[in-house]
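> Residue numbers (my numbering): 10 to 309. Here you go, one structure.
Below is the structure:
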């Protein structure tokens with residue numbers, strides 16, 4: 010437990026602070042695992058749902074926080090293959106960034122982004138075959154291990170991080186895990202065999218990761234904490250341990266996320282629904298909330 014505590018402390022201590030108020034609007038997604046559109050690309054199944062949802066949030070003036078594992082850089086060697094596969098998504102994210110509304114956290118599957126030089130080399134620009142030259146993508150973007158949303162009026166803090174800090178194997182041995190995924194699990198994944206090192210696929214690991222995170226939250230006066238990593242959505246009631254999880258964007262046929270708006274927090278899902286005339290539409294479903302952030306009391 011000591012190392013989990015130390016890693017989470019470190020992420021919190023070095024977090025980027027974003028001030029917000031009751032007029033601020035945030036959408037939190039994580040674990041998109043954007044891939045190369047091959048059979049092993051879990052994101053490809055939901056990319057139309059994700060793109061539609063993100064377009065809605067951009068039009069409504071939301072800020073976008075991505076809580077890690079946005080890009081699948083264990084199975085895929087280069088960011089370029091992801092950009093080519095899902096260019097419309099990255100162009101939409103670029104609009105958020107241009108407006109100063111894109112806040113990125115790295116996870117274990119995109120841990121290479123903790124190196125600013127890697128980010129600058131691969132994400133600042135891209136070659137556009139139409140113009141025949143390099144065009145700006147995310148320019149000067151910085152990835153963080155943690156973000157703290159701090160309410161201007163109440164001083165209430167919301168700590169956002171990927172959550173793999175409580176998963177020692179995927180934090181310390183991520184390079185070994187990446188090697189195993191590339192060489193062994195990617196081909197098996199195509200055949201439907203899951204990677205046992207992933208807490209999203211291994212229930213015992215998931216419970217351990219959640220238990221360690223909850224322990225850290227209790228030790229830090231019930232600090233409201235939002236993670237991803239396990240792909241399991243969590244939305245506690247006020248009075249419980251303030252441990253939230255936004256789920257993932259690779260659920261079968263749906264994506265889940267967390268909205269923060271009007272000083273309240275909600276767990277939402279976007280999915281495809283059938284209309285009476287047989288046509289399909291993408292709809293937003295409220296799963297939990299909204300609950301007022303102020304009702305999640307810190308313990309003294």
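Ideal Cβ positions, reconstructed from N, Cα and C, are used throughout, including at glycine.
What are the start and end residues of each continuous beta strand (DSSP E) run of 3 or more residues lying completely inside the stretch 35-107, in chain order?
72-76
> State the beta-bridge partners of residue 136 as determined by DSSP.
143
> Report the start-end ranges of each alpha helix (DSSP H) in the stretch 198-274 that is 4 residues or longer and not cut off at the edges.
212-228
> Name the DSSP beta bridge partners of residue 282, please?
290
> Check this for me: beta carbons of residue 171 and residue 237, under 8 angstroms apart or not?
yes
> Give the DSSP bridge partners of residue 111, in chain order.
73
> Contact check, residue 176 vs residue 118 under 8 angstroms by CB: the rounded distance?
Not a contact, Cβ separation roughly 12 angstroms.
> Please return the same chain residues whose Cβ sits closer than 7 angstroms to the Cβ of residue 10, not counting the five positions on each side in sequence.
Because residue 10 carries a pLDDT of 46, less than 50, the predicted location of this residue cannot be relied on, and no value is offered for it.
> Can you name the residues that DSSP bridges to residue 159?
28, 166
> Measuring only the C-alpha atoms, how far is residue 65 from residue 85?
29 angstroms
> Which same chain residues, not among the five before or five after residue 165, have their C-beta less than 7 angstroms away from its C-beta?
302, 303
> Does the stretch 52-70 come within contact of the stretch 14-30, defined as at least 3 CB pairs closer than 8 angstroms?
no
> Assuming residue 113 and residue 75 form a contact by the criterion Cβ under 8 angstroms, report the distance between their Cβ atoms to the nearest whole angstrom.
5 angstroms
> Would residue 259 and residue 124 qualify as a contact pair, given that the criterion is a beta-carbon distance under 8 angstroms?
Between residue 259 and residue 124, the C-beta gap is not smaller than 8 angstroms, which leaves the two residues out of contact.
> Smallest Cα separation from residue 278: which of 297, 137, 286?
When each option's Cα is compared against that of residue 278, the closest is 297.
> Mind checking residue 100: buried by the 16 CB within 10 Å criterion, or exposed?
Residue 100 is exposed by the Cβ-count criterion.
> Measure the C-alpha to C-alpha separation of residue 253 and residue 234 and round it to an integer number of angstroms.
Rounded to the nearest angstrom, the two C-alpha atoms are 6 angstroms apart.
> Is the beta carbon of residue 32 less than 8 angstroms from the beta carbon of residue 161?
If you check the CB distance, residue 32 and residue 161 do not come in under 8 angstroms.
> What does DSSP give as the partner residue(s) for residue 295 in the beta ladder?
Partner(s): 277.
> Go through its chain and collect everything with a Cβ distance to residue 273's Cβ below 7 angstroms, but skip five positions before and after it.
298, 299, 300, 301, 302
> With DSSP collapsed to three states, give me the class of residue 153.
strand
> For residue 300, name the three-state secondary structure that DSSP assigns.
In this structure, residue 300 counts as strand in the three-state DSSP scheme.
> To the nearest angstrom, how far is the alpha carbon of residue 295 from that of residue 52?
22 angstroms
> So what's residue 122 in DSSP terms, helix, strand or just coil?
helix
> State yes or no: is the C-beta of residue 104 within less than 8 angstroms of the C-beta of residue 152?
no
> Taking 8 angstroms as the threshold (C-beta atoms), are residue 116 and residue 173 in contact?
yes
> Can you tell me which of 219, 255, 270 puts its alpha carbon nearest to the alpha carbon of residue 14?
219
> Buried or exposed: where does residue 92 fall if 16 or more other Cβ atoms within 10 Å of its Cβ makes it buried?
buried
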